[in-house]
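Residues are numbered in my numbering as their position in the first sequence, beginning at 1, plus a constant of 5.
C-beta: ideal position from N, C-alpha, C; glycine also.
If you're wondering where the values come from, they're calculated on a predicted model, not measured in any experiment.
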Amino acid sequence: MKVATWNINGIRARLDVALTWTREVSPDVLCLQEIKSEDAAFPAERFEELGYNVATHGQKGFNGVALLSKLPLEDVSRGLPGSDTDDHARFIEAVISVPSGAVRIVSLYLPNGNPIDSDKFPYKLAWMQRLERHAREMLAREETFALCGDFNVIPTDADARFPANWRNDALMQPETRAQYRRLLNLGLTDAFRACDAGDGSYTFWDYQAGAWQKNNGIRIDHILLSPQATDRLVGAEIDKRVRGWEKPSDHVPVIVELDV
DNA sequence: ATGGCTGCAGGATGCAGA
């Protein structure tokens, strides 16, 4: 089963690119972030025509996540547990029945957190703590699951072309990295890193200042696997071709192959 | 470079992004 995650940066502005890529790569599951649409405005029928079931958790203007799957999406749940006041649409999860049992897929858009002296940064850290709690519960159930999405975390200096540029950025703060490690240390595996130990692989290049042309990128889109999912990991890749397409998202898809 | 693009809401620019 091929599972992909992609921060699409506006599904309506990006529909042609998204459909072209989906037709070509034909992932079994596609997790989208930053759909920047309310549920009713998401062009679900265009993906249903390609054979996908669609579940969205959108909001007006910004944020918004979606799950697309060739197999039915069961037990769809919207919103990250653990807050009564968080009204950002950043989390959706569902279960997919597969020959070996069931796989839970999460599509998440972790808060950016900039600037770090604003209340956005503690919001990011609190969101990460809620994610850790949620992951702990899923692990306790020994589920086969994948946390897929834009984590807005540069895990190590090897994940940035110019680490010094990000020293004051929320994506690379010591607190951010420490909380990300706490998540990993529960027993999750960074699927891409498990398959590619080298540096120089990125998932985001800014629109500004020729970042793509200079390969001034960062790796912030991740797929984290539970131990049961890691046992079934076949491969992982970043499809950076897409960043060079016409009217691209500033993020590119990350893909894992699971033998389920 | 002082965020140098980009999408969105709304109907001009301001916000958000990373």
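The beta strand (DSSP E) enclosing residue i, as first and last residue numbers
| i | result |
| --- | --- |
| residue 145 | Here residue 145 belongs to no beta strand (DSSP E); instead the alpha helix (DSSP H) covers 125-145. |
| residue 259 | 259-263 |
| residue 248 | Segment: none, residue 248 is in no beta strand (DSSP E) and carries neither H nor E. |
| residue 71 | 70-74 |
| residue 114 | 106-114 |
| residue 148 | Where residue 148 is concerned, there is no enclosing beta strand (DSSP E), given that its DSSP letter is neither H nor E. |
| residue 52 | Counting along the chain, residue 52 falls outside any beta strand (DSSP E), though it belongs to the alpha helix (DSSP H) covering 49-53. |
| residue 29 | Unbroken run through residue 29 is the alpha helix (DSSP H), 20-30; no beta strand (DSSP E). |
| residue 60 | 58-62 |
| residue 233 | Premise fails: residue 233 lies in the alpha helix (DSSP H), 232-235, not in any beta strand (DSSP E). |
Proximal residues to residue i (C-beta, below 6 Å), its chain only, five neighbours per side dropped
| i | result |
| --- | --- |
| residue 94 | 62, 63, 64, 68, 69 |
| residue 212 | 255 |
| residue 245 | 257 |
| residue 135 | 85, 87 |
| residue 107 | 100 |
| residue 49 | 59 |
Close-in-space but distant-in-sequence residues of the same chain around residue i (CB under 8 Å, 5 per side omitted)
| i | result |
| --- | --- |
| residue 191 | 137, 140, 141, 144 |
| residue 125 | 116, 117, 118, 119, 175 |
| residue 121 | 173, 174, 175, 178 |
| residue 14 | 39, 41, 254, 255, 256 |
| residue 168 | 159, 162, 177 |
| residue 111 | 36, 96, 97, 98, 150, 151, 152, 153, 154 |
| residue 184 | 130, 133, 134, 137 |
Selection from the options that minimises the alpha carbon distance to residue i
| i | options | result |
| --- | --- | --- |
| residue 234 | 179, 243, 212, 153 | 153 |
| residue 200 | 81, 263, 56 | 263 |
| residue 149 | 158, 104, 56 | 104 |
| residue 156 | 204, 184, 227 | 227 |
| residue 164 | 147, 195, 146 | 195 |
| residue 242 | 55, 232, 250, 208 | 208 |
| residue 222 | 171, 229, 26, 237 | 171 |
| residue 113 | 102, 20, 129 | 129 |
| residue 77 | 60, 66, 83 | 60 |
| residue 202 | 180, 240, 210, 232 | 240 |
| residue 193 | 16, 204, 238, 229 | 229 |
| residue 45 | 265, 17, 123, 29 | 17 |
Beta-carbon contacts of residue i that lie in its chain and below 7 Å, excluding the five residues immediately before and after
| i | result |
| --- | --- |
| residue 187 | 137 |
| residue 57 | 73, 74, 75 |
| residue 32 | 7, 8, 9, 260 |
| residue 66 | 41 |
| residue 147 | 233 |
The alpha helix (DSSP H) enclosing residue i, as first and last residue numbers
| i | result |
| --- | --- |
| residue 187 | 179-189 |
| residue 197 | 196-200 |
Inter-residue CB distance, residue i and residue j (contact presumed, cutoff 8 Å)
| i | j | result |
| --- | --- | --- |
| residue 210 | residue 237 | With a Cβ gap of about 31 Å, residue 210 and residue 237 do not count as contacting. |
| residue 206 | residue 182 | Actually they do not touch by this definition, with Cβ atoms about 18 Å apart. |
query = Counting Cβ pairs closer than 8 Å, one from the region 85-99 and one from the region 217-232, do we hit at least three?
reply = no
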